[in-house]
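Engineer:
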Amino acid sequence: MRLSREIVDHVAMLARLALSEDERERMREQLSSILEHVSRIQELDTEAIPPTAQVIALQNVWRQDEIRPSLPVEAVLANAPESEDGFFRVHAVLEES
Amino acid sequence: MVSELTRLSVREARRLLDRREISAVELLDAHLAQIDRVEPQIHAFITLTPEIARRQAEAADARIARGEGTLLTGIPIALKDNLCTVDAPTTAGSRILEGFRSPYDATVVARLRAQDAVFVGKANTDEFAMGSSTENSAYGPTRNPWALDRVPGGSSGGSAAAVAVGEAMLALGSDTGGSIRQPAGFCGIVGFKPTYGRVSRYGLIAFASSLDQIGPLGRRVEDVALLLQVIAGHDPADSTSVDLPVPDYSAALTGDIRGLRIGIPAAYRVPGMDPAVEEVIEEALPTLQALGAELVPISLPHLEYALATYYIIAPSEASANLARYDGVKYGLSLPGATLLERYLRTRGEGFGPEVKRRIMLGTYALSAGYYDAYYVKAQKVRTLIKRDFDEAFARVDVIAAPTSPTVAFRLGERTADPLQMYLSDVFTIPANMAGLPAIAVPCGFAHGLPVSLQFMGRPFDEPTLLRVAHAYEQATPWHTMWPTLAAQV
Numbered sequence: 001m002r003l004s005r006e007i008v009d010h011v012a013m014l015a016r017l018a019l020s021e022d023e024r025e026r027m028r029e030q031l032s033s034i035l036e037h038v039s040r041i042q043e044l045d046t047e048a049i050p051p052t053a054q055v056i057a058l059q060n061v062w063r064q065d066e067i068r069p070s071l072p073v074e075a076v077l078a079n080a081p082e083s084e085d086g087f088f089r090v091h092a093v094l095e096e097s
Numbered sequence: 098m099v100s101e102l103t104r105l106s107v108r109e110a111r112r113l114l115d116r117r118e119i120s121a122v123e124l125l126d127a128h129l130a131q132i133d134r135v136e137p138q139i140h141a142f143i144t145l146t147p148e149i150a151r152r153q154a155e156a157a158d159a160r161i162a163r164g165e166g167t168l169l170t171g172i173p174i175a176l177k178d179n180l181c182t183v184d185a186p187t188t189a190g191s192r193i194l195e196g197f198r199s200p201y202d203a204t205v206v207a208r209l210r211a212q213d214a215v216f217v218g219k220a221n222t223d224e225f226a227m228g229s230s231t232e233n234s235a236y237g238p239t240r241n242p243w244a245l246d247r248v249p250g251g252s253s254g255g256s257a258a259a260v261a262v263g264e265a266m267l268a269l270g271s272d273t274g275g276s277i278r279q280p281a282g283f284c285g286i287v288g289f290k291p292t293y294g295r296v297s298r299y300g301l302i303a304f305a306s307s308l309d310q311i312g313p314l315g316r317r318v319e320d321v322a323l324l325l326q327v328i329a330g331h332d333p334a335d336s337t338s339v340d341l342p343v344p345d346y347s348a349a350l351t352g353d354i355r356g357l358r359i360g361i362p363a364a365y366r367v368p369g370m371d372p373a374v375e376e377v378i379e380e381a382l383p384t385l386q387a388l389g390a391e392l393v394p395i396s397l398p399h400l401e402y403a404l405a406t407y408y409i410i411a412p413s414e415a416s417a418n419l420a421r422y423d424g425v426k427y428g429l430s431l432p433g434a435t436l437l438e439r440y441l442r443t444r445g446e447g448f449g450p451e452v453k454r455r456i457m458l459g460t461y462a463l464s465a466g467y468y469d470a471y472y473v474k475a476q477k478v479r480t481l482i483k484r485d486f487d488e489a490f491a492r493v494d495v496i497a498a499p500t501s502p503t504v505a506f507r508l509g510e511r512t513a514d515p516l517q518m519y520l521s522d523v524f525t526i527p528a529n530m531a532g533l534p535a536i537a538v539p540c541g542f543a544h545g546l547p548v549s550l551q552f553m554g555r556p557f558d559e560p561t562l563l564r565v566a567h568a569y570e571q572a573t574p575w576h577t578m579w580p581t582l583a584a585q586v
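These protein sequence lines are chains A and B, in that order. Residue 6 in this note's numbering sits at position 6 of the first sequence; the count goes up by one each step and never skips. Here this note's numbering = 1-based position in the second sequence + 97.
1. What three-state label does DSSP hand E391/B in the structure shown?
2. Give the straight-line distance between the Cα atoms of E451/B and P515/B, rounded to the nearest whole angstrom.
3. Does any CB atom of chain A fall closer than 8 angstroms to the CB of R366/B?
4. So, does the CB of V73/A fall closer than 8 angstroms to a CB anywhere in chain B?
5. Would you say E559/B faces chain A, with C-beta separation under 8 angstroms as the test?
6. Report the option in P574/B, L533/B and A584/B whose CA atom is closest to the CA atom of R278/B.
7. Is there a C-beta anywhere in chain A that falls below 8 angstroms from the one on S307/B?
8. Whole angstroms are fine: how far does the CA of P344/B sit from the CA of A584/B?
9. Of all the residues that make up the segment 45 to 64 of chain A, which are near chain B by a beta-carbon distance shorter than 8 angstroms?
10. Cβ of E68/B within 8 angstroms of Cβ of L431/B?
11. Taking the continuous alpha helix (DSSP H) assigned at D272/B, which residues delimit it?
12. By the criterion of Cβ-Cβ separation under 8 angstroms, what are the contact partners of F197/B in chain A?
13. Three or more C-beta pairs closer than 8 angstroms, one from the segment 414 to 429 of chain B and one from the segment 447 to 466 of chain B: is that the case here?
14. Whose C-alpha, out of T222/B, V135/B, G263/B and D487/B, is nearest the C-alpha of L124/B?
15. Measuring only the C-alpha atoms, how far is A75/A from K426/B?
16. For T460/B, return the contacting residues in chain A, with the cut-off set at a CB-CB distance below 9 angstroms.
17. Could you spell out the range, first to last residue, of the alpha helix (DSSP H) harbouring R152/B?
18. At least one CB of chain A closer than 8 angstroms to the CB of L325/B: is that the case?
19. Over the uninterrupted beta strand (DSSP E) stretch that includes R358/B, give me the two end residues.
20. How would you write the range of the beta strand (DSSP E) that S59/B sits in, first residue to last?
21. Assess contact between the segment 372 to 389 of chain B and the segment 82 to 94 of chain A, defined as three or more Cβ pairs (one per stretch) separated by less than 8 angstroms. Is contact present?
22. Have a look at I149/B, P186/B, D213/B and V565/B and flag the residue whose alpha-carbon is nearest the alpha-carbon of G171/B.
23. In chain order, what are the residue ranges of uninterrupted beta strand (DSSP E) at least 3 long that sit wholly in the segment 235 to 308 of chain B?
24. So with CB distances below 9 angstroms, who are the chain B contacts of R5/A?
25. Taking the Cβ atom as the reference point for each residue, do L392/B and L385/B lie within a distance shorter than 8 angstroms?
26. Just to confirm my understanding: we take Q131/B, look at its own chain, exclude 5 residues before and 5 after, and list those with CB closer than 6 angstroms. What are they?
27. In chain A, what lies closer than 7 angstroms to I409/B by C-beta?
28. When you compare only the Cα positions, how much space is there between A88/A and A78/A?
29. If the criterion is Cβ atoms closer than 8 angstroms, does the pair L19/A and A12/A meet it?
30. Can you pull the chain A neighbours of P147/B, defined as C-beta to C-beta under 9 angstroms?
31. Can you pull the chain A neighbours of K474/B, defined as C-beta to C-beta under 9 angstroms?
32. Does L245/B pass the burial test, meaning 16 or more other C-beta atoms within 10 Å, or should it be called exposed?
33. Below 8 angstroms between beta carbons is the criterion; list the residues of the segment 434 to 458 of chain B that meet it against any residue of chain A, in chain order.
34. Go through its chain and collect everything with a Cβ distance to E446/B's Cβ below 7 angstroms, but skip five positions before and after it.
35. On the DSSP bridge list, what partners appear for I174/B?
36. Give me the chain B residues within the contact set of F88/A, using Cβ-Cβ distance strictly less than 8 angstroms, ordered along the chain.
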């Protein structure tokens, strides 16, 4: 099985990764060989087997919804590439019409 | 001249510190001198923090003078650089987090601070802990203290090398598919992945959340038991941490394993298994029998699917976890005409090749049309692997296996072929898939390089694993051997 260029481009866009021409070709080759290896699980019959998402028997964890101190805004924004008036600054998503 | 102080066990150091025969500052200075001497060759650290360490050592001395020293007060420790620290950068080995300062400490870091432990630096790691050699670190690879042309293993390669060469007495690592045990094995030290849920992961930079676990690395089983003692326990900030009492791990080191039933899986002769490593492992087993344990052949029929299952589940979870690196809240942010263009550039240039490969793999496995065939299928196979272990542990107390199929490989040897790199984790991945505790201990040498024996146990049965690893260690000479760079000259 060899992944098509279209699939690689589609997945790169879903993952929000800009890939160079070289990277796309290498990715195509390497992902194909990894997928070939992992596809061996298809040979197992798992019709009646439930999936395991995590292995420890944990129930939902509840707590009281009480107000507690949180991190100071300045500490949280200290790493932000751009911030303004106590908010993260984000590039416009919607165009003005 | 290597100071004798860099070769102490934690227990010996504790005794000397508490009797005031040495100070924490002297102990730190000995380690900083060793760092000065070997770090240019080893490169175990992304960031060294000698000023922070000195303040901590002074605080430790003051505390010991008051007679209030605790288990790890004044002990020099390396922290893997995917553990958040408020007073030093946290990069996870990635360019996308260059310069990042966490606004909070990981819970394990806070617990060590509360003891006045001493942090010598942030240890090198494969980018986002994805790798088996530290060659995927954006800050350059670490080298194996036993042979400088070899990798230390990974992803906690910096942690393992630092401890093996005497730059730190202990280290914290993280283990998603073997990232504590494999480098511990390659560097000839002890590495312990606790049960999923035993140690809080709050402040650990997430890779694959159903598999990640923080754990200790040290030169002795007793040292590792002490570090586990301090980090284990429930934490309300990590809802996957389990609220079970924490036993006294040092009390488990009785040396007595008479009557213990040790399962030996039939299927550990995998393709790529080095016959010299296999021979060393075979020679280790009679020692366990001589100590009074019973070896029981077991079968784990789905083990051969563990690697394939892992390389669907781990990248899938990683692709979701790493979606947060968007150049908006923290980390690298590259300009672009639109928001989409910013995302594409920031992530395309901020992540290294292996991380991009795994994000692509995970995104593919989770995408419409492939989700059932890959992700759900892998989760079902995970159930089968877990059941194999459940059945085995009805018959045996622990399972013994090699830690890795080979000794440390050469730098560059496996970078061109990701699948070859992945195969080095074939024996360590199953414990993560089933959430089991597993410990790696040195068991000899092949080609002049350390070989490691792994024990896997029942969930939350860390005491039995520590007991068997310690009994084996004390019956063998491997823990008394040092790489040349750490030896007395």
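We put the CB at the ideal spot given by N, CA and C, even for glycine.
Structural biologist: Straight from the coordinates:
1. On the second sequence, position 294 is the one that residue 391/B refers to. DSSP, reduced to helix, strand and coil, places E391/B within a strand of the structure shown.
2. Taking the first residue of the second sequence as position 1, residue 451/B is located at position 354. Taking the first residue of the second sequence as position 1, residue 515/B is located at position 418. About 8 angstroms.
3. Translated into the one-based positions of the second sequence, residue 366/B becomes position 269. No, R366/B lies away from the interface with chain A (no Cβ there is under 8 angstroms from its Cβ).
4. The residue you call residue 73/A lines up with position 73 of the first sequence. Not a single CB atom of chain B sits nearer than 8 angstroms to the CB of V73/A.
5. Indexing the second sequence from 1 puts residue 559/B at position 462. False, the Cβ-Cβ gap to chain A never drops below 8 angstroms.
6. Taking the first residue of the second sequence as 1, we reach residue 278/B at position 181. The candidate whose alpha carbon is nearest that of R278/B is L533/B.
7. Against the second sequence, residue 307/B aligns to sequence position 210. Closer than 8 angstroms to some Cβ of chain A, the Cβ of S307/B qualifies, so yes.
8. The residue labelled residue 584/B in the question sits at position 487 within the second sequence. The residue labelled residue 344/B in the question sits at position 247 within the second sequence. Here the alpha carbon of A584/B sits roughly 35 angstroms from the alpha carbon of P344/B.
9. Residues passing the 8 angstroms Cβ filter: T46, I49, P50, P51, T52, A53, Q54, V55, I56, L58, V61 and R63.
10. Nothing can be reported for residue 68/B: it is not among the residues displayed for chain B, which extend from 98 to 586.
11. Walking along the second sequence from the start, residue 272/B turns up at place 175. Run containing D272/B: none in the alpha helix (DSSP H); it sits in the beta strand (DSSP E), L267 to D272.
12. For the purposes of this step, residue 197/B is identified with residue 100 of the second sequence, where counting begins at 1. Result: N79.
13. Contact holds: three or more Cβ-Cβ distances are below 8 angstroms.
14. As a first step, residue 124/B must be located in the second sequence, where it is residue number 27. The shortest Cα separation from L124/B among T222/B, V135/B, G263/B and D487/B belongs to G263/B.
15. Numbered from 1 along the first sequence, position 75 holds the residue referred to as residue 75/A. Numbered from 1 along the second sequence, position 329 holds the residue referred to as residue 426/B. In a straight line, the C-alpha of A75/A is about 12 angstroms away from that of K426/B.
16. Locating residue 460/B in the second sequence gives position 363, counting from the first residue. Within 9 angstroms of the CB of T460/B, the CB atoms of chain A belong to V11, A12, L14, A15 and L17, in sequence order along the chain.
17. The sequence position of residue 152/B within the second sequence is 55, counting from 1. Counting along the chain, the alpha helix (DSSP H) containing R152/B begins and ends at P147 to A162.
18. What you label residue 325/B is simply residue 228 of the second sequence in a count that begins at 1. Cβ-Cβ to chain A under 8 angstroms: no for L325/B.
19. Locating residue 358/B in the second sequence gives position 261, counting from the first residue. Taken as a continuous stretch (DSSP letters only), the beta strand (DSSP E) holding R358/B covers R358 to P362.
20. In the structure as shown, chain B starts at 98 and stops at 586, and residue 59/B therefore has no counterpart that could be examined.
21. Judged by pairs of C-beta atoms under 8 angstroms, the segment 372 to 389 of chain B does not touch the segment 82 to 94 of chain A, as fewer than three such pairs exist.
22. Within the second sequence, residue 171/B is the residue found at index 74, counting from 1. Nearest option by C-alpha distance: D213/B.
23. Within the segment 235 to 308 of chain B, the complete beta strand (DSSP E) runs of at least 3 residues are 267 to 272 and 287 to 290.
24. As a working mapping, residue 5/A is identified with position 5 in the first sequence. None at all; the shortest Cβ gap to chain B is about 13 angstroms.
25. Start at 1 with the first residue of the second sequence, and residue 392/B comes out as number 295. Start at 1 with the first residue of the second sequence, and residue 385/B comes out as number 288. The beta carbons of L392/B and L385/B sit closer together than 8 angstroms.
26. Within the second sequence, the letter at position 34 stands for residue 131/B. Cβ neighbours of Q131/B beyond the five flanking positions: T103, G263 and E264.
27. As a first step, residue 409/B is located in the second sequence; it is residue number 312 there, counting from the start. The contacting residues are V38.
28. Here residue 88/A refers to the residue found at position 88 when the first sequence is read from its first residue. Here residue 78/A refers to the residue found at position 78 when the first sequence is read from its first residue. Checking the displayed sequence, the identity of residue 88/A turns out to be Phe instead of Ala. Taking C-alpha positions only, F88/A is separated from A78/A by approximately 10 angstroms.
29. Your numbering for residue 19/A matches position 19 in the first sequence. Your numbering for residue 12/A matches position 12 in the first sequence. Going by beta carbons, L19/A and A12/A fall inside the 8 angstroms limit.
30. Start at 1 with the first residue of the second sequence, and residue 147/B comes out as number 50. Within chain A, no residue comes near P147/B; the closest Cβ sits about 24 angstroms away, beyond 9 angstroms.
31. Counting from 1 along the second sequence, the entry for residue 474/B is found at position 377. The answer, in chain order, is I41, Q42, L44, T46 and P51.
32. As a position in the second sequence, residue 245/B is number 148, starting the count at 1. Taking a 10 Å sphere around the C-beta of L245/B, we find fewer than 16 other C-beta atoms and assign the residue as exposed.
33. Flagged, chain order: T435, L436, L437, R439, Y440, L441, R442, R444, G445, E446, F448, P450, K453, R454, I456, M457 and L458.
34. For the purposes of this step, residue 446/B is taken as residue 349 along the second sequence, with counting starting at 1. Closer than 7 angstroms at Cβ, skipping near neighbours: L431.
35. As a first step, residue 174/B is located in the second sequence; it is residue number 77 there, counting from the start. I174/B pairs with F216/B and L267/B.
36. Within the first sequence, the letter at position 88 stands for residue 88/A. Result: V425 and K426.
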